[in-house]
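Numbering (my numbering), first residue to last: 103 to 192.
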């Protein structure tokens, strides 16, 4: 019995089977990247825009839709003005 085998027998609780190594992806170079296809920059929304009021968000969404390319718009839901249901406990 080799010296390494005895350690495996004594410490079976600590020995875990290693997962198979992941296949490494080939690196991407400039020749693999093409030009943008049908890119339309309509507006910029930054991280500080999360705190905007409802009216401003709706106006921004309408502005972006007016630029085109938004055939199926996702409606903006105003959750701030929605009332929570009342529950009566008896």
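All residues carry an ideal CB built from backbone N, CA and C; glycine is no exception.
Is any beta-carbon of chain B found at less than 8 Å from that of residue i?
i: residue 146; result: Judged by its chain identifiers, the structure shown contains no chain B, having just a single protein chain.
Should residue i and residue j be called a contact, given that it needs their Cβ atoms to be closer than 8 Å?
i: residue 169; j: residue 139; result: no
Please state whether DSSP places residue i in a helix, a strand or coil.
i: residue 197; result: Residue coverage of the chain in this structure runs from 103 to 192, which leaves residue 197 outside it and unanswerable.
i: residue 134; result: helix
i: residue 143; result: coil
i: residue 120; result: coil
i: residue 166; result: helix
Between the options, which lies nearest to residue i when the distance is taken from Cα to Cα?
i: residue 165; options: 146, 153, 150, 155; result: 146
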